[in-house]
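>
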Amino acid sequence: MAKSKKDQPSKTNYKKVTIKTTDGLTIQGRINLAPEQRVSDIFTKSEDPFVVLVEVFYREGEGKILFVNKKHIVWVEPEDDEKT
């Protein structure tokens, strides 16, 4: 029996971003993108009110997971892909 796409494990594709919030906080972390998805798609095509960031670095610490309300985001800067 062939496996459906739902049964196959999904690949994680994290992209580094820096986010500035309306209260002046700057947050650095990683956003998980679906295959063929761009960072901008999370903000323009998704109706989810929150963005999930992992491996977050900000004034309260680092290595955390944050759920950030899109209404409180001023700008987002995607980082260039790391070259190895």
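Going by the numbering used here, the first residue of the sequence shown is number 1333, and it counts up by one from there.
Using N, Cα and C, we set each Cβ at its ideal position, and we do this for glycine too.
Nothing here was measured: the structure is a model prediction, and the numbers come from that model.
Taking C-beta to C-beta, are T1354 and H1404 nearer than 7 Å?
Residue numbering aside, residue 1354 sits at position 22 when the sequence shown is read from its first letter. Residue numbering aside, residue 1404 sits at position 72 when the sequence shown is read from its first letter. Yes, they are a contact pair.
> Within 10 angstroms of the Cβ of V1406, are there 16 or more other Cβ atoms? Answer buried if so, exposed if not.
As a first step, residue 1406 must be located in the sequence shown, where it is residue number 74. By the neighbour-count rule (16 or more Cβ atoms within 10 Å), V1406 is not buried but exposed.
> Smallest Cα separation from P1381: which of N1401, R1362 and S1372?
In the sequence shown, the residue the question calls residue 1381 occupies position 49. Ranking N1401, R1362 and S1372 by Cα distance to P1381 puts N1401 first.
> What's the C-alpha gap between T1416 and I1363?
For the purposes of this step, residue 1416 is identified with residue 84 of the sequence shown, where counting begins at 1. For the purposes of this step, residue 1363 is identified with residue 31 of the sequence shown, where counting begins at 1. Confidence in T1416 is poor, its pLDDT being 42 and thus under 50, which makes the residue's placement too unreliable to answer from.
> Unbroken beta strand (DSSP E) runs of length 3 or more, entirely within the region 1376–1416: which are they?
Qualifying beta strand (DSSP E) stretches, in chain order: 1382–1390, 1393–1401 and 1405–1410.
> Identify the continuous beta strand (DSSP E) that holds L1365 and give its terminal residues.
The residue you call residue 1365 lines up with position 33 of the sequence shown. Residues T1358 to L1365.
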